[in-house]
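These notes are about the structure you will find just below.
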Amino acid sequence: MSSSHNTQSFAEPRARGVFTASVLSNDPLCPEHYLLCLGMENFPPTHPGQFINILCGKAVGRADRPTFISANEKGGPPAQPTDLSQPETAGRVPLLRRPFSLAGRRDMPAGTVELDILYRVVGAGSNWISEREIGDEVNILGPLGNGFETHNSKPLAVVIGGGTGIGPMIYLAESLSSADKDVKAFVGARSASALPLTEEQKGFFEITTDDGSLGQAGMVHEAFAQWLERGRTAEMAVYACGPEPMMKAVADICAPSGIECQLAMERHMACGMGVCQGCAIKVKTDEPPGWMFKLACKDGPVFNAGELLWE
Amino acid sequence: MIDLSVDIAGVKLANPLMTASGTCGYADEYADFVDLSGLGAFVTKSITPAPRPGNDYPRIVETRAGLLNAIGLANIGLEAFLDEKVPLLERLGVPVFVNVAGASIAEYVSVIERLDHVEVVSGVELNISCPNVAEGGIQFGTDREQVAKITAAARKACRNKILIVKLSPNVTDITAPARAAVESGADALSLVNTFTAMVIDIETARPVLANRTGGLSGPAIRPIAVYMIHRVWTEVAKGAGVPIIGMGGLQSAHDAIEFLLAGATGLAVGTATFVNPACLTEIRDGIAEYLETHNHSSVTEIIGALR
Numbered sequence: 040m041s042s043s044h045n046t047q048s049f050a051e052p053r054a055r056g057v058f059t060a061s062v063l064s065n066d067p068l069c070p071e072h073y074l075l076c077l078g079m080e081n082f083p084p085t086h087p088g089q090f091i092n093i094l095c096g097k098a099v100g101r102a103d104r105p106t107f108i109s110a111n112e113k114g115g116p117p118a119q120p121t122d123l124s125q126p127e128t129a130g131r132v133p134l135l136r137r138p139f140s141l142a143g144r145r146d147m148p149a150g151t152v153e154l155d156i157l158y159r160v161v162g163a164g165s166n167w168i169s170e171r172e173i174g175d176e177v178n179i180l181g182p183l184g185n186g187f188e189t190h191n192s193k194p195l196a197v198v199i200g201g202g203t204g205i206g207p208m209i210y211l212a213e214s215l216s217s218a219d220k221d222v223k224a225f226v227g228a229r230s231a232s233a234l235p236l237t238e239e240q241k242g243f244f245e246i247t248t249d250d251g252s253l254g255q256a257g258m259v260h261e262a263f264a265q266w267l268e269r270g271r272t273a274e275m276a277v278y279a280c281g282p283e284p285m286m287k288a289v290a291d292i293c294a295p296s297g298i299e300c301q302l303a304m305e306r307h308m309a310c311g312m313g314v315c316q317g318c319a320i321k322v323k324t325d326e327p328p329g330w331m332f333k334l335a336c337k338d339g340p341v342f343n344a345g346e347l348l349w350e
Numbered sequence: 254m255i256d257l258s259v260d261i262a263g264v265k266l267a268n269p270l271m272t273a274s275g276t277c278g279y280a281d282e283y284a285d286f287v288d289l290s291g292l293g294a295f296v297t298k299s300i301t302p303a304p305r306p307g308n309d310y311p312r313i314v315e316t317r318a319g320l321l322n323a324i325g326l327a328n329i330g331l332e333a334f335l336d337e338k339v340p341l342l343e344r345l346g347v348p349v350f351v352n353v354a355g356a357s358i359a360e361y362v363s364v365i366e367r368l369d370h371v372e373v374v375s376g377v378e379l380n381i382s383c384p385n386v387a388e389g390g391i392q393f394g395t396d397r398e399q400v401a402k403i404t405a406a407a408r409k410a411c412r413n414k415i416l417i418v419k420l421s422p423n424v425t426d427i428t429a430p431a432r433a434a435v436e437s438g439a440d441a442l443s444l445v446n447t448f449t450a451m452v453i454d455i456e457t458a459r460p461v462l463a464n465r466t467g468g469l470s471g472p473a474i475r476p477i478a479v480y481m482i483h484r485v486w487t488e489v490a491k492g493a494g495v496p497i498i499g500m501g502g503l504q505s506a507h508d509a510i511e512f513l514l515a516g517a518t519g520l521a522v523g524t525a526t527f528v529n530p531a532c533l534t535e536i537r538d539g540i541a542e543y544l545e546t547h548n549h550s551s552v553t554e555i556i557g558a559l560r
């Protein structure tokens, strides 16, 4: 199948679009997470916190009849759902694209771009991605959403990631470090075996695990709170991504001290471009009724913690 | 040279492809992804008199061959639409159909009366088929007397634009509301809107959507849409000279040709554009390829040509 229909023409560079990438590597980082590395001839500028939408299967719109192709095109056993969290689409190639936060970006000397995606296999889409091999083509749409706002005068950046939310925080920590910012980074996972970091990255982060199998035992927000209590007084901005209870806990720790806190939120989304309006998120407003919906894909996924109405 | 142009009740379209209301915002959202000037027409998201925040989250859930949505007609309201979006639509260069919704006939009429004087608007699409709001929407679309009443009221307000009535498939006999709309002054019919549906989370024993039910779209509904278009075309629309804008799970040129053969003159694509916004123009090009290989010179030759 030719990829020319979907490949962006670079004669007129656009801020975002549909691109064809090839798989450079796709390896398990731990029993739960994979690191996918995609290579492209070019890609628009990106910021940590932004995401791309991956087409897990065949494109629609062509003259040939779209069929729901086997999740494993290479003749292996049919894809098996890893759990029942998405029973409706389990074991099939999904209709919609799947959103993934960028976990890293490298602009190579030849002008090519490499993007990292850290993912967990939870359903049909991520299962399809886990079966991609080196050299396979992947159709991506992006970059989407707004990244973390890091242009501030705060001398210290605190980066907090939990679970699969660690991905964008690796990208953010690397990007801040290379901009010579002072970075303090925390990550948390259920256990050592569920921590999606390379050996090299592990040295950069304060690690907590729920079961104490690596680093400090406990939750990542507790480690952050303890570090704050030990007397950090430098002005700081806090950036977090992870399960919603963890992000709420981080926001609650920051709020009393007036610490700036930005959170990358997760919502189910159909399009990622701001048209389907599925990824509604409630934010506070001054005018009655005191709240409004924003869209995680277009207005977020990064929000100021003080803006959010937790439910 | 293949002629893809079609005529929707006097509005000339360069080709049959258009966006399905509610899946394409107000055009600016898709600007980076698809050249909308290559469409036959652009159909906006529903406009109501006042802004609507829409339903609570979760609003969408994917199924094996489709998508349930319960957005709840979230929109910026008529005034913001006129101030902020109409200037953008003026630059599109294709006919614009504005989808209109309301909680009462008076609300529909109040929006139409304003749109009737907006130059860039070629037509009004009456949304009497939204399954996801408590008031208005589908309640007007499933009862033939209600369809007749609201279509007649809209017809009076819609003097300078064509009036398209968007039908709900959530009825026993789709030809009944179709006939009521045509007899009450509709210039064109859009069908089908989404099918009311439900997905249940078996762990919580609750519906997945906050609205409990949603409208099913996507490839799952396509064969039903094809059937309903065929029935309305042969039993109501063809004889009355009223064109049909077909929609419902269309995602390829193959699907588009099915719709055309069944009797659709216009083709609206919704859910598939979430996956590939450029599928609109790809489908357009695929139709031309089909016509060429099947020795047709014009798309109108296959409209309703089902044997």
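Protein chains in written order, with the numbering used here: chain Z, 40 to 350; chain S, 254 to 560. The beta carbon of each residue, even a glycine, is placed where N, CA and C say it ideally should be.
- A contact between stretches requires three or more CB pairs, one per stretch, nearer than 8 Å, and the segment 498-515 of chain S meets this requirement with the segment 468-480 of chain S.
- In this structure, the alpha-carbon of Z/A264 lies about 12 Å from that of Z/V277.
- For Z/F244, same chain residues with a beta-carbon under 6 Å away, outside a window of 5 residues either side, are A224 and V226 in chain order.
- Z/Y73 sits in a strand when the DSSP states are folded into three classes.
- Here the C-alpha atom of Z/G281 lies approximately 41 Å from the C-alpha atom of S/L292.
- Judged by DSSP in its simplified three-state form, S/R459 adopts strand.
- For S/A541, the enclosing alpha helix (DSSP H) has its first and last residue at C532 to T546.
- The alpha carbon of S/S357 has as its nearest neighbour, out of S/A333, S/A473 and S/L379, the alpha carbon of S/L379.
- Z/V57 has a beta carbon lying within less than 8 Å of a beta carbon in chain S.
- In the displayed model, Z/W349 falls within coil according to three-state DSSP, outside both helix and strand.
- With fewer than 16 other Cβ atoms inside 10 Å of its own Cβ, S/D260 counts as exposed.
- Chain order gives no chain Z residues near S/N268, where near means a beta carbon separation below 7 Å; the closest approach is about 14 Å.
- Listed by position along chain S, the residues whose Cβ is nearer than 9 Å to that of Z/C336 form an empty set, because the closest Cβ is around 10 Å away.
- S/S363 and S/Q392 have their C-alpha atoms roughly 19 Å apart.
- Per the coordinates, the alpha-carbon of Z/R137 lies some 29 Å from the alpha-carbon of Z/S216.
- Contact with chain Z is absent for S/L342, since none of that chain's Cβ atoms lies less than 8 Å from the residue's Cβ.
- Z/G329 counts as exposed, since fewer than 16 other C-beta atoms from the protein chains shown sit within 10 angstroms of its C-beta.
- Counting along the chain, S/E511 sits inside the alpha helix (DSSP H) bounded by residues A506 to A515.
- Contact between the segment 540-556 of chain S and the segment 148-167 of chain Z is absent: fewer than 3 CB-CB pairs across the two stretches fall below 8 Å.
- If one requires a minimum length of 4 residues, the alpha helix (DSSP H) runs lying completely within the segment 179-253 of chain Z are 205-217 and 238-241, in chain order.
- The secondary-structure analysis by DSSP pairs Z/N92 across a beta bridge with Z/P138 and Z/L180.
- For Z/S140, the CB contacts under 6 Å within the same chain, skipping 5 residues up- and downstream, are F90, G206 and P207 in chain order.
- The C-beta distance from Z/E172 to Z/Q301 rounds to 36 Å, too long to fall under 8 Å, and the pair is not in contact.
- Among the bridge pairs identified by DSSP, S/K265 is matched with S/D260.
- Against chain Z, a Cβ distance below 9 Å from S/V362 picks out nothing, because the smallest value is about 26 Å.
- Taking 8 Å as the threshold, the shortest C-beta distance from S/C383 to chain Z does not fall below it.
- At least one CB atom of chain Z sits nearer than 8 Å to the CB of S/N322.
- For the 8 Å CB-CB criterion, S/N352 and S/G325 do not form a contact.
- Close to S/G319, with beta-carbon spacing below 8 Å, are these residues of chain Z in chain order: L134.
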